[in-house]
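Here's the structure we're looking at; comments come further down.
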Amino acid sequence: CKKSGYAKGAYGTMVHDAPEYETGTMLGANLMIDDLEGLAKLIFVADDYGMDIISAGNVIGFLMECYNKKLINKDFLDGIDLQWGSVDASLQMLHKIGKTEGVGKLAAQGVKSLAEKIGQGSDNFAIQVKGHELAAWNVPAYEETGISYVTANRGACHLNGGKIREQDDIVLMDSLGACAFAADWYKDELHYRNFLSAITGTDWSEEEFNKAGERIFNLEKMMNYHEGFDIEDDILPERFYTNKFTTGPKKDAIVDRKEFAGILKKYYEDRGWDTKTSRPTDEKLEELGLEYLVAKK
Numbered sequence: 002c003k004k005s006g007y008a009k010g011a012y013g014t015m016v017h018d019a020p021e022y023e024t025g026t027m028l029g030a031n032l033m034i035d036d037l038e039g040l041a042k043l044i045f046v047a048d049d050y051g052m053d054i055i056s057a058g059n060v061i062g063f064l065m066e067c068y069n070k071k072l073i074n075k076d077f078l079d080g081i082d083l084q085w086g087s088v089d090a091s092l093q094m095l096h097k098i099g100k101t102e103g104v105g106k107l108a109a110q111g112v113k114s115l116a117e118k119i120g121q122g123s124d125n126f127a128i129q130v131k132g133h134e135l136a137a138w139n140v141p142a143y144e145e146t147g148i149s150y151v152t153a154n155r156g157a158c159h160l161n162g163g164k165i166r167e168q169d170d171i172v173l174m175d176s177l178g179a180c181a182f183a184a185d186w187y188k189d190e191l192h193y194r195n196f197l198s199a200i201t202g203t204d205w206s207e208e209e210f211n212k213a214g215e216r217i218f219n220l221e222k223m224m225n226y227h228e229g230f231d232i233e234d235d236i237l238p239e240r241f242y243t244n245k246f247t248t249g250p251k252k253d254a255i256v257d258r259k260e261f262a263g264i265l266k267k268y269y270e271d272r273g274w275d276t277k278t279s280r281p282t283d284e285k286l287e288e289l290g291l292e293y294l295v296a297k298k
């Protein structure tokens, strides 16, 4: 449903709607690639493989940094000279990942798995939360994204809402099958409430509707908790606490560890979660009609 075209030149390729913010940043600036035609080719190849481009760009950038810091060599990369700014090397890595060949088999598992394999302190710049790579919204520059990244149940995700109410609304919208891009949720909430009432045969009040979103979010949280995710996993990449921005309007920006911990504690309290474990309290579960999960410690 968007415009398509063809980019000529060395990387002649189809282009769909041109590079947008996330794709252009993660496979472009993130890799120090400023060749627009090469960037278009990278985006097309990643799309053709069905990759998540945010994760793909994170993975290649992480490997580039490891290679630059000499934590890995060309043998680890199956002979690829993975230098910053190299379109050709990035294309080779995308194909490796897409076909899960050689280093691509490990790289396809994401930066968390790569950091565990490479070691040598590489986890400090593995930009992920709960195994999910971060989008192009850098936390020190956009502090409000930090809490969203560490509390989103699917791992760091810029589409899971920022404030508590927004997080609840997003999972409710997902459950209704609404598109996050096509739906104007805050203008059309009544429309979706009427839609739900029609298909269930029950009139949903605004309070019941909002409570459903909160119930879904807490249920997801309990599923994660059951699988071993707890407060120790609600943490930002170490780099955000230690590396200041060196230039630009946000120069010297950094996440204050103590301040962030205080905000996160307040989030748990507002959610009705245990501030020592991040688990929803029994009282909160019972309030939401999830009493059958009370025994699931």
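With the first letter of the sequence shown counted as 1, position 14 gets the number 15 in my numbering; the numbers rise by one all the way through.
For every residue, glycine included, the Cβ atom is placed at its ideal position computed from N, Cα and C.
- Of all alpha-carbon atoms in T282, K212, D204, E38, the one lying nearest the alpha-carbon of L173 is that of K212.
- In terms of Cβ geometry, A47 and I54 form a close pair [threshold 8 Å].
- Here F218 has N154, Q168, D169, V172 as same chain residues with Cβ atoms under 8 Å from its own Cβ, once five neighbours each way along the sequence are excluded.
- At the C-beta level, F77 and R240 stay beyond 8 Å of one another.
- Residues I264, L265, Y268 of the same chain have their beta carbon placed closer than 7 Å to that of I148, with the five preceding and five following residues left out of the count.
- For A116, the enclosing alpha helix (DSSP H) covers residues 112-119.
- From the listed residues H17, A296, K118, the smallest Cα separation to L286 is found for A296.
- Under the three-state reduction of DSSP output, Y22 falls in the helix class.
- Only residues of its own chain outside the window of five on either side were considered, and among them L28, V88, S91, L92, L95 have a CB closer than 7 Å to the CB of L43, listed in chain order.
- When the five nearest sequence neighbours on each side are left out, the beta carbons in the same chain lying within less than 8 Å of the beta carbon of D231 are those of T278, S279, R280, in order along the chain.
- Excluding sequence positions up to five before and after T282, its CB lies within less than 8 Å of the CB of G273, W274, D275, all in the same chain and listed in chain order.
- Counting only runs that start and end inside the stretch 212-282, the alpha helix (DSSP H) elements of at least 4 residues fall at 240-243, 258-272.
- For S123, no alpha helix (DSSP H) run applies, since DSSP gives it neither H nor E.
- By the neighbour-count criterion, in which 16 or more other beta carbons inside 10 Å mark a residue as buried, A116 falls on the buried side.
- Around D253, the same chain offers K245, F246 as residues with beta carbons nearer than 7 Å, after the five sequence neighbours per side are excluded.
- The three-state reading of DSSP puts M52 in coil, since its state is none of H, G, I, E or B.
- With a threshold of 16 other beta carbon atoms within 10 Å, H192 falls short and is exposed.
- Between the alpha carbons of C158 and P141 lies a gap of roughly 16 Å.
- In the DSSP assignment, S5 falls within the beta strand (DSSP E) that extends over 5-8.
- Following the DSSP letters along the chain, one finds T14 inside the beta strand (DSSP E) bounded by residues 14-17.
- Secondary structure note for V151: its alpha helix (DSSP H) is the uninterrupted segment 145-152.
- DSSP, read as helix, strand or coil, puts Q84 in coil.
- Between I34 and C67 the beta-carbon gap is near 18 Å, outside 8 Å, which marks them as no contact.
- Distances from the alpha-carbon of E190 to those of I200, S206, T201, G202 put S206 closest.
- In the DSSP assignment, E167 falls within the alpha helix (DSSP H) that extends over 165-176.
- Across the set A137, V130, V16, L83, the C-alpha of A137 shows the shortest separation from the C-alpha of Y22.
- The closest CA to that of A57, considering only N74, G10, G39, A109, is found on A109.
- Exposed is the label assigned to S176, since fewer than 16 other Cβ atoms lie within 10 Å of its Cβ.
- Beta-bridge pairing by DSSP links H133 to V130.
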